[in-house]
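Report on the structure given below.
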C-alpha cells in the first residue's frame, strides 16, 4: 500500500487523524510512496523508445 484513496471529507479527516496519531504509519506510507516513484523513474523515456521501435524510428540522441 503506497497510497490511500479517500472518497470525501470525512474519510480525508480520518486519514489525516490516523497519520497524526500514528507517525509510524505515515512514515511507512511515505517510504512506500517514494519507493513506488523511484521504481518508475525513466518509464516515460522507455515507453517513447518502445513506441519509436514499433514505428520503425530510431530517434536516440
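Residue numbers (the working numbering): 4 to 64.
Glycine included, every Cβ here is placed at the ideal spot set by N, Cα and C.
Item: Simplified DSSP state of residue 14, which is helix, strand or coil; Value: helix
Item: Pair within 8 Å by beta-carbon distance, residue 35 and residue 4; Value: yes
Item: Endpoints, the alpha helix (DSSP H) within which residue 43 is located; Value: Element bounds for residue 43: n/a, residue is neither H nor E.
Item: Pairwise C-alpha distance: residue 51 and residue 59; Value: 12 Å
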